[in-house]
Amino acid sequence: YFALHVGKARLKYKVTPPAVTGSPEFERIFRAHFCYLSGSGVHICPSPVLLGIFRSC
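First residue of the sequence shown? That's 25 in the numbering used here, and the numbers climb one at a time after it.
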């Protein structure tokens, strides 16, 4: 969802990939996308405790 917004913002504010800086509006949208991705990684990665439980089975 946020990746689509970043793509649209790149077109709107004329920021070519791989640049991540440009107008303040684009940077705000890009930061929201980046923060969402970095936060969701915590939920995807299994905890070391769960890995230990699964190894013991």
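We put the beta carbon where it would ideally sit given N, CA and C, even for glycine. Just so we're clear, the structure is a prediction, and the values are computed from it rather than from any experiment.
1. Since residue 49 contacts residue 60 with CB under 8 Å, what's their CB separation in whole angstroms?
2. When the Cα atoms are used, what is the spatial distance from residue 58 to residue 31?
3. CA-CA distance, residue 46 and residue 34?
4. Rounded to whole angstroms, what is the Cα-Cα separation between residue 22 and residue 25?
5. According to DSSP, is residue 39 part of a helix, a strand, or is it coil?
Concretely, from the data shown:
1. The Cβ separation is near 17 Å, so there is no contact.
2. 13 Å
3. The alpha-carbon atoms of residue 46 and residue 34 are separated by roughly 9 Å.
4. The displayed coordinates of the chain run from 25 to 81. Any statement about residue 22 would go beyond what the structure contains.
5. Correct three-state label for residue 39: coil.
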